[in-house]
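The sequence shown: position 165 = 165 (the working numbering), numbered continuously. Here is the structure we will look at.
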Amino acid sequence: MNTAAWHLEFLRTVRTPGPAIAVALAALFGAGSPFMALYANEIIAALDPSGTAPAMPDPTPQSSIGTFMDNTVGPLLLAGVLIAALALAFDSRPSRALFHRTRVPRVADLVLPRWTVASIAVCAAYAVGALCAWASTALVLGTVPLDRFLLGTAISCGYLTFVTAVVALSAGLARNVLAVLGIAAGILAATAIAAQIPVVSGWTPPALLGAQVALAGTGEVGDFLPALAATSVLDALCLLLCAWLCSRREF
């Protein structure tokens, strides 16, 4: 294992503002989730003076976690795609690409550290937000079992690793950062559409996001094992394809 590549990628990531911004956003949404659930009817009334919108049910700890997910997933996915694209599109500048490629024996030694560190950064931001949501929900609406909540957090992070793996595959298909972002957005949109098909929905990576709310209630871990298995296979496939495509790229 090329430890220098891992160390370099860790230093590069912690010195960029992206992970810190992602943590701050997730923490803000997490801390505010029970209040948004508590005052949902007032917020709706302010946005809909005509009063045609249906009233929300009384808030519960589980609905607070659902509010956290609704508010956080979109911005965090955007942040995760950006963080991963900036890390994995190492061929966007030929001079920088040659610098990195001449210091490792295989392209995989560039891909794996960058995917791993980017995944850890995004998952850490999500975990911070989830813990803030758990703490504020416990103070305002009632407690959620911490062990089940943390298990739901870990399962939901599986989807975030898939997002960064998709960005890695996109970086193998294109060099330019904007092109990488566009391809990744298309693939993620396709998986979101596939998740709406009942026959395969339980096997798709987006199904993992449901674990956070489900395990805060009466859901079972076994419901998410097919999606975890499929996501693990897709992660490995995306990384292998990225390394293979990048190794065949000419300058």
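The beta carbon of each residue, even a glycine, is placed where N, CA and C say it ideally should be. Note that the structure is a prediction, hence the values are computed from the model and not measured.
Rounded Cβ spacing between residue i and residue j (contact assumed at less than 8 angstroms)
i	j	result
Ala-255	Ser-201	Outside the shown range of the chain (1 to 251) lies residue 255, about which nothing can therefore be said.
C-alpha gap between residue i and residue j, whole angstroms
i	j	result
Gly-152	Ala-174	34 angstroms
Val-107	Ala-37	47 angstroms
Asp-91	Val-14	21 angstroms
Phe-35	Ile-187	34 angstroms
Gly-219	Ala-211	8 angstroms
Pro-232	Cys-157	Before going on, a small fix: residue 232 reads as Ser here, not Pro. Their backbone Cα atoms lie some 12 angstroms apart in a straight line.
Gly-182	Leu-146	38 angstroms
Tyr-159	Pro-205	5 angstroms
Leu-228	Phe-99	36 angstroms
Ser-95	Ala-31	44 angstroms
Check whether residue i and residue j have beta carbons under 8 angstroms apart
i	j	result
Ser-64	Thr-137	yes
Ala-168	Cys-242	yes
Leu-209	Val-23	no
Ala-216	Phe-149	yes
Ala-89	Ala-118	no
Gly-129	Phe-224	no
Thr-60	Leu-139	no
Ala-190	Val-180	no
Contact with chain B by residue i, beta-carbon distance below 8 angstroms
i	result
Val-23	Considering every chain present, this structure includes no chain B. It has just one protein chain.
Can you find at least 3 beta carbon pairs, one from the segment 71-81 and one from the segment 162-177, that sit closer than 8 angstroms?
Counting Cβ pairs under 8 angstroms, three or more are found: they touch.
Indicate whether the contact test is met: 3 or more Cβ pairs, each with one atom in the segment 4-14 and one in the segment 111-123, closer than 8 angstroms.
The segment 4-14, when compared against the segment 111-123, does touch it at the 8 angstroms Cβ threshold.
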